[in-house]
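Let me begin by presenting the structure, written as structure tokens, before commenting on it.
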Amino acid sequence: MGKKDKELIQDANVKKQQGDYKESLNLYNGAIELKGEHLYEAYYNKGILLNHLNNTLEAQQCFEMATNLKPDCGIAWFYWGELLCKVHNYSRAKEKFEKAYKTDPSNINPQIGIAYCFNRTNEFPKAIQMLSNLLNAPKDPKQESKICSELGLAFLQTNNLQKAYNNFIRAYELNDQDYQACYNIAFIEDLSKNYEKAISFYENAIALSPNEGKAYQGLACTYIHMKKYQQAKDYINKAIALNPNNFEGYYNLACVYAGLQNQKGTIDALKKTIEIAPKHIGIKNHILNDPDFSNYMDKISEIF
1 MGKKDKELIQ DANVKKQQGD YKESLNLYNG AIELKGEHLY EAYYNKGILL
51 NHLNNTLEAQ QCFEMATNLK PDCGIAWFYW GELLCKVHNY SRAKEKFEKA
101 YKTDPSNINP QIGIAYCFNR TNEFPKAIQM LSNLLNAPKD PKQESKICSE
151 LGLAFLQTNN LQKAYNNFIR AYELNDQDYQ ACYNIAFIED LSKNYEKAIS
201 FYENAIALSP NEGKAYQGLA CTYIHMKKYQ QAKDYINKAI ALNPNNFEGY
251 YNLACVYAGL QNQKGTIDAL KKTIEIAPKH IGIKNHILND PDFSNYMDKI
301 SEIF
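So, in structure tokens, the structure goes:
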């Protein structure tokens, strides 16, 4: 007699934890083929694994099947929301988190997800209110870290630097693997001209996520502020290599070349900045009003 669907799902979960993803998928598929009592569970667990493997289309299909079979399956709604955040569809993600919350209002993870979406749709006062309330709710250190990190981001976006800094520090104390908290601590330290601290936190952020260009760019900006242009050049080039379509990278590269008194490098980097910068931000005015380029205004005027 073969195994029941629940047993296959349990075996698949073990294989997933062991890193044997191929066998795990086979076992989930075996449970799905049985069409048994736990069919919805097989679907959402398969969806979680497919999302981990970056197969977002099939993962969404699995979450849809799970929630069709069991509309009050909060875990499926929650992970569907996380997947949609991963592809930057925050309005739909918020809908899924709200459905997860309705199935279990005592679970704060969907509420953290909703606040996360508020932060990405520029609804910062709503994020602050929700996250501040969650700080008073029962939670574990991992949840508190996420709350503080998102609260820090909301305060940063509303120019409350001290509250932002305090929350990022708390988030990082609770979870020193939090890239967002680490990066933003560095960013605020740089704004406060605490450059050595900024360098330390940017380096930590790079170590946490070596393929994320933002911390390389932040570190380059700190070195620009310190007038250490050669170090800045090394890091801004790494940031550009990771994200060649980031106009801010080329703008900062132009600042570096200006600091090195390299006119050609400055002009070439500004040309690339103008080429890829979104039209609505008015990059021309930024360039013309930037004192870093004051020595090259005659040449710069020729490129507009």
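For the sequence shown, this note's numbering begins at 1 and goes up steadily by one.
C-beta atoms are modelled at their ideal positions from N, C-alpha and C, and glycine is treated no differently.
Is the CB-CB distance between residue i and residue j below 8 Å?
i, j, result
"N119", "E150", "yes"
"D140", "T103", "no"
"G47", "Y90", "no"
"Y183", "K214", "yes"
"Y216", "A258", "no"
"L50", "C62", "yes"
"S200", "D178", "no"
"C221", "D190", "yes"
"F293", "T266", "yes"
What separation, rounded to the nearest whole angstrom, lies between the Cα atoms of residue i and residue j?
i, j, result
"P125", "L131", "10 Å"
"H38", "E82", "22 Å"
"L305", "F155", "What the structure shows of the chain is the stretch from 1 to 304, and residue 305 is not part of that stretch, so it cannot be assessed."
"I276", "F304", "14 Å"
"N285", "D298", "15 Å"
"N289", "F187", "23 Å"
"K193", "L219", "13 Å"
"K6", "I32", "10 Å"
"D234", "K264", "18 Å"
"E23", "Y40", "19 Å"
"K15", "N45", "12 Å"
"N252", "H225", "11 Å"
"K197", "E203", "10 Å"
"N68", "A100", "14 Å"
"L34", "I112", "35 Å"
"I206", "Q180", "11 Å"
"L135", "G152", "13 Å"
Just to check my reading of the structure: residue i and residue j have Cβ atoms closer than 8 Å, yes? What is that Cβ distance to the nearest angstrom?
i, j, result
"I240", "V256", "Going by Cβ atoms, the distance from I240 to V256 rounds to 11 Å, so no, they are not a contact pair."
"D11", "L27", "5 Å"
"A59", "Y43", "About 10 Å separates the two Cβ atoms, so there is no contact after all."
"P110", "F97", "5 Å"
"I185", "Y165", "7 Å"
Is residue i near the ligand FAD, going by C-beta to nearest heavy atom under 7 Å?
i, result
"E189", "Looking for the ligand FAD in the displayed structure turns up nothing, as the structure carries no ligands at all."
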